[in-house]
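Accompanying notes for the structure given below.
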Amino acid sequence: MSTMSRLLLAAACFATPAAAQIKARDPGSAAPVQYDVAFPNAVHHEARITATWHNVPAGPLRVQMARSSPGRYAIHEFAKNVYDLSAVDGTGRALTLTRTDPYGWSVAGHDGTVTVTYTLYGDHGDGTYAQIDTTHAHLNMPATFLWATGYDAQPIRVRFRPADPSWKVATQLPPATGEATTFWAPDLQYLMDSPTELSNFGLREWQDAGRTYRLAVHHDGTDADLDRFAEKAKKVVHAQIALFGAPPAYDFGTYTFIADYLPYITGDGMEHRNSTIIADRRSLYAANDAQLNTLSHEFFHSWNVERIRPAELEPFDFARANPTPSLWVAEGFTQYYGPLAIRRVGEMSVDAYLANLGGTVNAVVNSPARVHGGPKEMSLRAPFVDAAKSIDSVNPNIFVSYYTYGATLAAALDLELRGKYPGQSLDTYMRLLWKLHGAPEKPYTTADLRTALATLTGDQPFADRFFATSVEGSDLPDFAALFAQAGLTWQAANPDGGWIGAADVTADGPAVTLNQSPAAGTALYAAGLERGDRIVTLGRTTVTSAQDWQSALGRLKPGTSLDIRYIQRGKERTATLTPRNDPAMRLVRSETAGKPLTTKQRAFRAAWLGGE
36 MSTMSRLLLA AACFATPAAA QIKARDPGSA APVQYDVAFP NAVHHEARIT
86 ATWHNVPAGP LRVQMARSSP GRYAIHEFAK NVYDLSAVDG TGRALTLTRT
136 DPYGWSVAGH DGTVTVTYTL YGDHGDGTYA QIDTTHAHLN MPATFLWATG
186 YDAQPIRVRF RPADPSWKVA TQLPPATGEA TTFWAPDLQY LMDSPTELSN
236 FGLREWQDAG RTYRLAVHHD GTDADLDRFA EKAKKVVHAQ IALFGAPPAY
286 DFGTYTFIAD YLPYITGDGM EHRNSTIIAD RRSLYAANDA QLNTLSHEFF
336 HSWNVERIRP AELEPFDFAR ANPTPSLWVA EGFTQYYGPL AIRRVGEMSV
386 DAYLANLGGT VNAVVNSPAR VHGGPKEMSL RAPFVDAAKS IDSVNPNIFV
436 SYYTYGATLA AALDLELRGK YPGQSLDTYM RLLWKLHGAP EKPYTTADLR
486 TALATLTGDQ PFADRFFATS VEGSDLPDFA ALFAQAGLTW QAANPDGGWI
536 GAADVTADGP AVTLNQSPAA GTALYAAGLE RGDRIVTLGR TTVTSAQDWQ
586 SALGRLKPGT SLDIRYIQRG KERTATLTPR NDPAMRLVRS ETAGKPLTTK
636 QRAFRAAWLG GE
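With the first letter of the sequence shown counted as 1, position 380 gets the number 415 in our numbering; the numbers rise by one all the way through.
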């Protein structure tokens, strides 16, 4: 394997300034912490890992698995996939491992060196876990490596032993000198933020604004598929650099996209300081390159969250959840810019973009959860929803995603800035945040975000009102007026239709089962129906299939009551429903809705969305 093929550089360290990272050098064979990763049983999803700590102080050494991972906000029990541990000292003498809690072990009686060997099981290929098989090893580091208390700031070396001669290594870690599959990190934070893919991936690379970009894709497609996708990725990268005015100062001058597009992977995207690891079950061809949206989202994170960073995430704590009240910006604004960048480079039509944005705004405007809190509150609930699992059910009416909530606020703020403050937009706001908090890096608080908005607009009352009503509170602006500036119409999607609060069902014998809890305040909710109830009739329609159910819903008229017969936990019940107007909205170009488009509106739209 050539030096260029394996030089997939640029790791991250949340606690250490970038300047310190650049000055760090390969610690060589004398690294205080060393890992050796082999895959002797890859067919059964196992890796065999040896971890060595040198210069261990007298007394027991605690080694443990992480419970959280950079970019994730919930607890994840990585220790459950670690077993068959053994330990020796520097002379090879066996040491006793004592399990002190579910997450770690204690090793005593050593001679200053402790080597622990263990088996790791991994078969969940996403941004959080590990997947190992005969085709690849997809490794998220907190799910892979034991770490030792007291060694957070020590340099680290990692040697990978590929299971197949065709495997290459795609990683953010810089390569060790003269060793093809050995890499290093300046400290634990750097290592843990460095996902790694070992496989026979395809590689494309290019230069933009003095930086190197690499796209490493493990997929079942053709070289032509990868070439086509790479060209689209180049456009998105260039557009986002233009938005901020400069690329981030990647720690080794390189940003790496690591991607798995395979039927046995789990769809995901996870940002890292100088790279992203993204996954999709579909091939590039089958998805028509729809993976570009995730790529665009994750790349925007290289500014927003990796450098323009909430103060609560500095440094990252691997032993607990890492919440922040600012995910509506960190994730939500990123969610807004992902498809917008694609639209601006012409890889998404205006109508497709409006359908996407309209769906996002509609979900927030009509969410019953907003009465329970604004975007700041929803951000703090991230540890309960960000791939977190619990046995007991969670009330679906109390949470609206900080992704969609933040993207909706981003659209509102962008349009209000463009309409009210000449020369300003969300683009200029992001550039100001970049100047104040990204380069150089200075983690921000919510108060800093409000101050920056006041600075941008010269209007402190506006900034105070926006944060009080739409961030701390849950008020939303008049979207019809905001969209009208761009010659867009915010209109009822089903103006004559009735709505009772839920629509998703599964056919279940002579009835259908309601798959979603009705929205609070709707006819189904008032009638007492819940997720899991079996609906037998709706009005005059006997419901035996999903088609029957949709047909009955299509006949609903606002204000016209009808009966519903259903079975709830073994008991048949009957209730009377009164549908109300369907609140669903959609966003369309005014000219397609039969309204004239003015020159001013056309210019506003072009400045926002790019030329058509």
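Using N, Cα and C, we set each Cβ at its ideal position, and we do this for glycine too.
If you check the beta carbons only, do residue i and residue j fall under 9 Å apart?
i, j, result
"M100", "A82", "no"
"G458", "R640", "no"
"V406", "F514", "no"
"S318", "Y296", "yes"
"E647", "V385", "yes"
"V193", "A165", "no"
"L461", "Y388", "no"
"G139", "R97", "yes"
"D168", "V149", "no"
"G408", "R416", "yes"
"R344", "E476", "yes"
"H145", "V91", "yes"
"A390", "R621", "yes"
"W469", "W338", "yes"
"A342", "A474", "In the sequence under discussion, the amino acid at residue 342 is Arg, which differs from the Ala named in the question. Contact: yes."
"S104", "P177", "yes"
"T163", "M305", "yes"
Using CA atoms only, rank isn't needed, just tell me which of the options is closest to residue i.
i, options, result
"V578", "H253, F236, A562, I602", "I602"
"P358", "N391, Y320, P418", "P418"
"P200", "A542, F236, A619, A642", "F236"
"T463", "T480, A445, P478, Y479", "A445"
"P431", "L491, I300, K203, S552", "S552"
"D510", "A519, R500, P545, D255", "R500"
"T231", "S64, I313, A561", "I313"
"A346", "M176, G147, Y479", "Y479"
"H254", "T247, T216, I276, I300", "I300"
"G605", "S64, F279, T548", "T548"
"A365", "Y440, W525, L375", "Y440"
"L491", "L559, S505, K203, E451", "E451"
"T504", "R485, R239, L559, L278", "R485"
"W71", "A129, T184, F195", "According to the sequence provided, residue 71 is Asp. The question's Trp does not apply to it. With distances taken between Cα atoms, D71 lies closest to F195."
"D568", "M305, T627, A619, D543", "D543"
"G147", "G127, V204, P62", "G127"
"P618", "D531, N550, A561, Q495", "D531"
"K630", "W525, A183, Q69, P75", "W525"
"L591", "N529, K635, A268, Y560", "N529"
Per the DSSP calculation, residue i is bridged to which residue(s)?
i, result
"I84", "V72, Y153"
"S229", "Paired residues: none, contrary to the question."
"H253", "D295"
"E306", "T311"
"Y320", "None, per the DSSP bridge assignment."
"P210", "F218"
"W525", "L622"
"D543", "A546"
"W534", "R615"
"G160", "According to DSSP, G160 bridges with nothing at all."
"D136", "G139"
Rounded C-beta distance between residue i and residue j? I'm assuming under 8 Å.
i, j, result
"H171", "S234", "3 Å"
"S625", "L612", "Not really, about 35 Å apart at Cβ, beyond 8 Å."
"L226", "D187", "About 10 Å separates the two Cβ atoms, so there is no contact after all."
"A442", "G367", "5 Å"
"P403", "A527", "Not really, about 19 Å apart at Cβ, beyond 8 Å."
"L644", "R466", "Not really, about 18 Å apart at Cβ, beyond 8 Å."
"I191", "A73", "Contact doesn't hold; Cβ gap of about 17 Å is too wide."
"V142", "L132", "6 Å"
"H80", "D158", "4 Å"
"I276", "D243", "6 Å"
"A423", "A109", "4 Å"
"S414", "L448", "Contact doesn't hold; Cβ gap of about 16 Å is too wide."
"S229", "T257", "Not quite, the Cβ-Cβ distance comes to about 29 Å (not below 8 Å), so this is no contact."
"R498", "V540", "Looking at the sequence itself, residue 498 is Ala, so the reference to Arg does not match. Not a contact, Cβ separation roughly 45 Å."
"R615", "A558", "7 Å"
"A251", "A294", "7 Å"
"F353", "R102", "7 Å"
Is residue i close to chain B, meaning its C-beta is less than 9 Å from at least one C-beta of that chain?
i, result
"L591", "Protein chains in the displayed structure number just one, and chain B is not present."
Three CB pairs or more closer than 8 Å across the stretch 278 to 288 and the stretch 303 to 315: Yes, since at least three Cβ pairs between the stretch 278 to 288 and the stretch 303 to 315 fall closer than 8 Å, the two stretches touch.
At least 3 beta-carbon pairs within less than 8 Å: the stretch 534 to 546 vs the stretch 557 to 575: Touching, yes.
Cβ contact check for the stretch 257 to 266 and the stretch 318 to 337: 3 or more pairs under 8 Å: Yes, the stretch 257 to 266 touches the stretch 318 to 337.
Contact the stretch 210 to 223 vs the stretch 106 to 120: 3+ CB pairs below 8 Å: Fewer than three beta-carbon pairs drawn from the stretch 210 to 223 and the stretch 106 to 120 are found closer than 8 Å, and the two stretches are therefore not classed as touching.
The stretch 70 to 86 contacting the stretch 151 to 158, beta-carbon criterion three pairs below 8 Å: Contact holds: three or more Cβ-Cβ distances are below 8 Å.
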